[in-house]
Amino acid sequence: VKKRSRVLGTLVVLSLFAAACGDDDDDGDAEPEVTGATAAPGDTESTATTAAGGGTPTDGAEISIALGSEPTSLDPHLVDDGGERAINDNVYETLLTRTPEGELQPGLATDLPTQVDDTTWEFTLRDGVTFHDGTPFTAEAVVASVERMRGFIEAGTTDNDGFFSSLTGAEAVDDRTVRIMTAEADGVLPARMYWLKIVAPDAVGVDDLSDAPNGTGPYTFVSREVGSQIVLEANADYWDGAPSVGKVTYEFVSEGGTRLAGLVSGKYDLITNLPPQDVDQAPASDAIQGQEHPMIILDADEGITADPNVRLALNLAIDKDAIAEQVYGGYATPDAGQILSASILGFNEDLSAFPYDPDQAKQLIEDAGVAGQTITLVGESSGRWLNDRELVEAIASYWSQAGLEVDLQSPEFGAYLDVLFDRDNREDAIFVSSSNDLLDPDRQLSTYYQAGGIGASNSDEELSGLIDQGRAELDPDARETIYNDAVQIAYDQAYFAFLAANQDLYGTSERLDWTPRVDSKLLVKEMSVTG
Amino acid sequence: MGRYIARRLLQGLVVIMGVTVFVFVITRLVGDPVKFMLPLSATQEERAARRAELGLDESIPRQFVEFVGDLLRFDLGESTYVRGESSLSVVFDYLPRTLQLVALGMSIAVVLSIPLGVIASRRPGGRTDRVLTTLSLIGLSMPQFFLGYILLIGFTVKLHWFESGPGPWYKNLILPAVCLALPAIGRLAMVVRSSMIDELNTQYVRVARAKGLSQRRILGVHALRNAGIPYVTLLGWELIRALAGYTVVVESVFNWPGLGFMAKTAIQNQDLYLIQAIVFVVAVIVVVLNIAIDVSYKLLDPRVKLS
Numbered sequence: 004v005k006k007r008s009r010v011l012g013t014l015v016v017l018s019l020f021a022a023a024c025g026d027d028d029d030d031g032d033a034e035p036e037v038t039g040a041t042a043a044p045g046d047t048e049s050t051a052t053t054a055a056g057g058g059t060p061t062d063g064a065e066i067s068i069a070l071g072s073e074p075t076s077l078d079p080h081l082v083d084d085g086g087e088r089a090i091n092d093n094v095y096e097t098l099l100t101r102t103p104e105g106e107l108q109p110g111l112a113t114d115l116p117t118q119v120d121d122t123t124w125e126f127t128l129r130d131g132v133t134f135h136d137g138t139p140f141t142a143e144a145v146v147a148s149v150e151r152m153r154g155f156i157e158a159g160t161t162d163n164d165g166f167f168s169s170l171t172g173a174e175a176v177d178d179r180t181v182r183i184m185t186a187e188a189d190g191v192l193p194a195r196m197y198w199l200k201i202v203a204p205d206a207v208g209v210d211d212l213s214d215a216p217n218g219t220g221p222y223t224f225v226s227r228e229v230g231s232q233i234v235l236e237a238n239a240d241y242w243d244g245a246p247s248v249g250k251v252t253y254e255f256v257s258e259g260g261t262r263l264a265g266l267v268s269g270k271y272d273l274i275t276n277l278p279p280q281d282v283d284q285a286p287a288s289d290a291i292q293g294q295e296h297p298m299i300i301l302d303a304d305e306g307i308t309a310d311p312n313v314r315l316a317l318n319l320a321i322d323k324d325a326i327a328e329q330v331y332g333g334y335a336t337p338d339a340g341q342i343l344s345a346s347i348l349g350f351n352e353d354l355s356a357f358p359y360d361p362d363q364a365k366q367l368i369e370d371a372g373v374a375g376q377t378i379t380l381v382g383e384s385s386g387r388w389l390n391d392r393e394l395v396e397a398i399a400s401y402w403s404q405a406g407l408e409v410d411l412q413s414p415e416f417g418a419y420l421d422v423l424f425d426r427d428n429r430e431d432a433i434f435v436s437s438s439n440d441l442l443d444p445d446r447q448l449s450t451y452y453q454a455g456g457i458g459a460s461n462s463d464e465e466l467s468g469l470i471d472q473g474r475a476e477l478d479p480d481a482r483e484t485i486y487n488d489a490v491q492i493a494y495d496q497a498y499f500a501f502l503a504a505n506q507d508l509y510g511t512s513e514r515l516d517w518t519p520r521v522d523s524k525l526l527v528k529e530m531s532v533t534g
Numbered sequence: 140m141g142r143y144i145a146r147r148l149l150q151g152l153v154v155i156m157g158v159t160v161f162v163f164v165i166t167r168l169v170g171d172p173v174k175f176m177l178p179l180s181a182t183q184e185e186r187a188a189r190r191a192e193l194g195l196d197e198s199i200p201r202q203f204v205e206f207v208g209d210l211l212r213f214d215l216g217e218s219t220y221v222r223g224e225s226s227l228s229v230v231f232d233y234l235p236r237t238l239q240l241v242a243l244g245m246s247i248a249v250v251l252s253i254p255l256g257v258i259a260s261r262r263p264g265g266r267t268d269r270v271l272t273t274l275s276l277i278g279l280s281m282p283q284f285f286l287g288y289i290l291l292i293g294f295t296v297k298l299h300w301f302e303s304g305p306g307p308w309y310k311n312l313i314l315p316a317v318c319l320a321l322p323a324i325g326r327l328a329m330v331v332r333s334s335m336i337d338e339l340n341t342q343y344v345r346v347a348r349a350k351g352l353s354q355r356r357i358l359g360v361h362a363l364r365n366a367g368i369p370y371v372t373l374l375g376w377e378l379i380r381a382l383a384g385y386t387v388v389v390e391s392v393f394n395w396p397g398l399g400f401m402a403k404t405a406i407q408n409q410d411l412y413l414i415q416a417i418v419f420v421v422a423v424i425v426v427v428l429n430i431a432i433d434v435s436y437k438l439l440d441p442r443v444k445l446s
């Protein structure tokens with residue numbers, strides 16, 4: 004017995020040791036390789052994975068995708084949730100879609116809408132489209148979708164009221180023509196129609212469509228096991244031709260390390276939110292400049308940040324290039340003095356990032372008479388955004404180098420939100436990562452630029468007026484000019500400390516052929532598999 | 140025994156009510172699910188409207204009265220995270236996976252801890268004993284989040300023997316179960332060892348030896364059975380700690396979608412209703428388990444009086 008137990012003990016120790024330190028040479032095939040397809044840091048455009056050398060795609064292949072969180076619902080109208088969109092973007096469609104670069108283009112509509120008058124838009128609908136259950140797609144479905152959303156907004160049950168509260172109704176002119184009405188002139192409407200998923204007419208009055216997703220999209224719902232997985236399969240009758248990938252399984256993996264482990268082991272073909280530090284471990288990766296813009300909101304009304312020169316100094320004090328390199332491993336681009344991505348209407352091409360000039364920053368702080376005073380900087384500690392803790396720590400250190408005492412606070416996410424949303428007491432400097440769902444400037448600017456916006460810390464009436472004007476302007480070119488001006492004001496006033504926009508990073512298997520999109524949608528019909 | 144169980148159940152009911160009220164107060168004081176439900180860009184008005192829709196704009200005493208009324212109908216409210224589902228049904232969606240995990244983990248712990256403890260007790264202070272005691276100490280003092288990642292890196296990433304996340308038990312459940320079991324094995328084996336050492340030094344064992352009973356019979360029938368009570372006490376404690384705590388860590392590390400995983404998610408999203416439902420169901424399980432443990436004393440040792 005004694006001998007056996009010693010053997011047992013030795014075995015346990017050995018296996019633990021072997022497991023922890025597993026020799027790299029033993030499992031060469033499992034070792035992650037840095038392929039030529041791995042995205043190189045610093046690329047601002049997407050780097051497509053063509054690891055398999057661009058062989059012919061295998062039609063009908065099965066792929067597996069790991070998402071960071073499980074959909075909190077599968078109803079396309081109820082929640083604002085990345086997990087839900089990742090699935091439903093493949094099941095449901097919208098009147099308008101976007102190109103991978105973000106340009107609006109026809110979807111279920113045959114063309115961009117025309118205006119009947121300032122508050123009425125007319126869409127012509129595609130012919131020969133059917134829902135997965137066989138119901139033909141007609142104007143009635145569009146009316147039903149608008150009405151369903153309006154009902155939810157009235158009942159206060161949808162998280163999407165902010166996107167659609169301007170809609171007042173829809174009417175079918177004939178089977179192929181539909182009109183959508185808004186309360187006031189609404190220049191954002193075409194972008195909204197890129198967001199409103201079209202449901203079948205019988206969905207009106209149904210509180211929750213989670214159990215029976217029925218869209219017109221390239222993938223049909225097969226099964227869902229709560230907590231575990233969702234399976235979709237290719238819609239052979241899809242109006243734009245059956246997609247290449249035959250079946251897709253989604254799993255929900257909140258832990259980044261676990262997602263990476265599944266990718267490396269070959270379980271997954273695509274994982275989201277790959278941390279830059281893990282790029283070398285992934286079989287292949289893709290990066291694209293998406294819509295995330297980390298930034299610091301500066302209180303322009305009170306405290307030491309009320310002085311524009313101090314706000315300018317806070318910008319000059321930060322080395323944006325160093326942040327892009329050190330915090331984001333090179334997968335980031337310094338923001339050009341605005342939080343709009345280049346893919347968004349209103350992006351001001353004349354602006355560029357504030358230079359890194361620590362000496363001038365120090366001088367400005369001294370001249371303003373605030374040297375040695377305390378500035379409160381609020382970040383968050385739950386890791387909600389990529390490496391956000393490292394980011395705010397870096398900023399705190401830049402600001403103290405410029406001669407300020409920095410009171411850095413990093414509460415957990417819930418407590419942090421209380422600070423961000425506190426309209427009565429604005430902290431000097433609040434970190435946030437701003438994003439853009441509709442790929443339209445309105446919501447992003449109303450939230451952070453416009454006085455009274457939930458994340459705004461200024462009371463600039465001219466800026467506020469421009470943002471209202473931009474929303475009501477129907478001509479895209481005129482809107483562009485208005486937003487260019489708005490963005491210019493915020494830059495001149497340094498209402499924010501602009502930082503570096505991190506790219507969206509995806510880990511992929513070597514066999515997956517896919518190019519990420521600026522709107523971060525995971526459209527399986529744009530994916531294929533070789534080998 | 141029936142009356143005893145009935146009385147314990149009644150006491151348990153008080154405990155469950157106490158816990159539920161406590162969680163109600165805590166969550167209402169600090170929690171605001173609306174923050175997490177709406178997009179970051181939602182306006183103040185949109186947020187206020189949602190709060191009103193959920194009834195969270197009422198005073199806390201008023202909310203409490205409604206809460207108690209709903210509770211009497213076993214309605215713990217709709218989850219604000221898993222939308223359109225009652226929080227109790229979310230709990231029952233996720234609970235089975237936690238029960239599987241705990242069942243497998245504790246089975247491993249029992250199957251390994253008893254022989255290890257018995258072997259170690261054979262020659263206290265001998266080499267086998269020292270090796271096993273050291274291993275037990277390592278096992279019980281290793282934090283599970285650390286142990287979990289070691290196991291994941293070794294057996295999933297490097298060796299590809301197992302997978303993480305949801306899946307069939309032989310691929311996805313063994314590793315988290317081992318992670319759950321290892322510290323318990325250490326603690327349980329230590330208890331078996333020390334109780335066995337105590338028992339083996341008693342007079343009845345010496346008498347049995349003198350009578351010429353086989354070692355196997357002495358160990359298996361007499362000593363082990365008497366070592367049973369401290370073992371069952373600790374095993375019960377392990378079960379309860381696993382259900383009401385350790386699974387949160389283990390399920391999160393291995394991405395096993397059980398109730399512990401959901402508890403973490405519910406707290407992160409300040410889903411008051413789901414947190415309440417989870418605490419309520421776990422409290423019920425703990426109360427029942429405690430009663431079961433006490434009753435098992437009686438089965439192990441008929442001399443024990445339940446009172």
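Chains as they are written, first to last, in my numbering: chain X, 4 to 534; chain U, 140 to 446. Every residue gets a Cβ at the ideal spot worked out from N, C-alpha and C, and that includes glycine.
Check                                                                                                                                                                                      : Outcome
Determine which residues share a DSSP beta bridge with lysine 250 (chain X) and list them.                                                                                                 : X:Glu65, X:Glu236
Roughly how far, in whole angstroms, is the beta-carbon of proline 2 (chain X) from the beta-carbon of leucine 343 (chain X), given that I think they are within contact range, below 8 Å? : For residue 2 (chain X) there is no data in the structure shown, the boundaries of chain X being 4 and 534.
Using the beta-carbon of each residue, which ones in chain X are nearer than 8 Å to alanine 316 (chain U)?                                                                                 : Within chain X, no residue comes near alanine 316 (chain U); the closest Cβ sits about 16 Å away, beyond 8 Å.
Assuming isoleucine 433 (chain X) is part of the beta strand (DSSP E), what are its boundary residues?                                                                                     : 432 to 437
Looking only at C-alpha atoms, which of X:Gly85, X:Thr161, X:Ser460, X:Gly154 sits nearest to isoleucine 299 (chain X)?                                                                    : X:Ser460
Roughly how many whole angstroms lie between the Cα atoms of leucine 394 (chain X) and isoleucine 326 (chain X)?                                                                           : 7 Å
Counting only beta-carbon separations shorter than 8 Å, does lysine 200 (chain X) have a partner in chain U?                                                                               : no
In chain B, which residues lie with their C-beta within 7 Å of the C-beta of lysine 270 (chain X)?                                                                                         : The displayed structure is made up of protein chains X and U, and chain B is not among them.
Between which two residues does the beta strand (DSSP E) containing valine 176 (chain X) stretch?                                                                                          : 170 to 177
Got a sec? Which residues, its chain only, sit under 8 Å from alanine 33 (chain X) by beta carbon, not counting five neighbours each side?                                                 : With a pLDDT of 36 at alanine 33 (chain X), under the threshold of 50, the modelled position of that residue is not reliable, and the figure given next carries that caveat. Excluding residues within five positions, the ones whose Cβ falls inside 8 Å are Val267, Ser268.
Mind checking if threonine 75 (chain X) is an interface residue toward chain U, Cβ cutoff 8 Å exclusive?                                                                                   : yes
Which whole-angstrom value is the C-beta distance of leucine 382 (chain U) and valine 241 (chain U), which I expect to be below 8 Å?                                                       : 6 Å
Does the separation of the CB atoms of alanine 248 (chain U) and arginine 332 (chain U) fall below 8 Å?                                                                                    : no
Please classify proline 193 (chain X) as buried or exposed, where buried requires at least 16 neighbouring CB atoms within 10 angstroms.                                                   : buried
Could one say the Cβ of serine 213 (chain X) lies closer than 8 Å to chain U's Cβ atoms, at least one of them?                                                                             : yes
Can you pull out the residues from the stretch 243 to 258 of chain X whose beta carbon lies closer than 9 Å to at least one beta carbon of chain U?                                        : Glu254, Phe255, Val256, Ser257, Glu258
Pick out whichever of U:Leu211, U:Pro369, U:Tyr220 has its Cα sitting closest to the Cα of aspartate 410 (chain U).                                                                        : U:Tyr220
Confirm, please, whether the CB-CB distance from glutamate 258 (chain X) to asparagine 505 (chain X) is below 8 Å.                                                                         : no
Examine chain U for any beta-carbon lying closer than 8 Å to the beta-carbon of serine 231 (chain X), and answer yes or no.                                                                : yes
Assuming contact is defined by CB atoms lying nearer than 8 Å, are alanine 147 (chain X) and valine 202 (chain X) in contact in what I supplied?                                           : yes
Taking 6 Å as the limit between beta carbons, can you name the residues of its chain near isoleucine 324 (chain U), skipping five residues before and five after?                          : Ala248, Leu251, Ser252, Gly278
Could you give the distance in angstroms between the alpha-carbon of glutamine 342 (chain U) and the alpha-carbon of alanine 362 (chain U)?                                                : 11 Å
So what's aspartate 171 (chain U) in DSSP terms, helix, strand or just coil?                                                                                                               : coil
Just to confirm the assignment: which complete alpha helix (DSSP H) runs, minimum length 4, are found wholly within the stretch 241 to 305 of chain X?                                     : 259 to 267
Within this structure, are the beta carbons of threonine 386 (chain U) and threonine 237 (chain U) separated by less than 8 Å?                                                             : yes
On the CB-based measure, 16 or more other CB atoms within 10 Å of its CB, does serine 226 (chain X) come out buried or exposed?                                                            : exposed
Could you please tell me which residues of the stretch 180 to 192 of chain U, in chain order, have their CB closer than 9 Å to any CB of chain X?                                          : Ser180, Ala181, Thr182, Gln183, Glu185, Arg186, Ala188, Arg189, Ala191, Glu192
Using three-state DSSP, classify arginine 269 (chain U) as helix, strand or coil.                                                                                                          : helix
Can you name, in chain order, every residue of its own chain whose Cβ lies under 8 Å from the Cβ of threonine 97 (chain X), other than the five neighbours on each side?                   : Gly110, Leu111, Met196, Tyr197, Trp198, Leu199, Lys200, Ile201
Counting only the same chain and skipping the five closest in sequence on each side, list residues whose C-beta sits under 6 Å from that of aspartate 121 (chain X).                       : Ala188
For a contact defined as C-beta to C-beta under 8 Å, what are the partners of serine 391 (chain U) on chain X?                                                                             : Ser257, Glu258
Could you tell me if methionine 2 (chain X) is buried or exposed, where buried requires 16 or more neighbouring beta carbons within 10 angstroms of its beta carbon?                       : Look at the range of chain X in this structure, 4 to 534, and you will see that residue 2 (chain X) is not part of it.
Let me see if you follow: with CB-CB separation under 8 Å, is aspartate 232 (chain U) close to chain X or not?                                                                             : yes
Output, in chain order, the set of chain U residues within a Cβ distance shorter than 7 Å of alanine 459 (chain X).                                                                        : Per Cβ cutoff of 7 Å: no residues; alanine 459 (chain X) is ~11 Å from chain U at best.
Measure the beta-carbon distance from proline 60 (chain X) to serine 531 (chain X) and round it to whole angstroms, keeping in mind my assumption that it falls under 8 Å.                 : 4 Å
Out of U:Pro441, U:Phe206, U:Ala422, point me to the one whose CA is closest to glycine 151 (chain U)'s CA.                                                                                : U:Ala422
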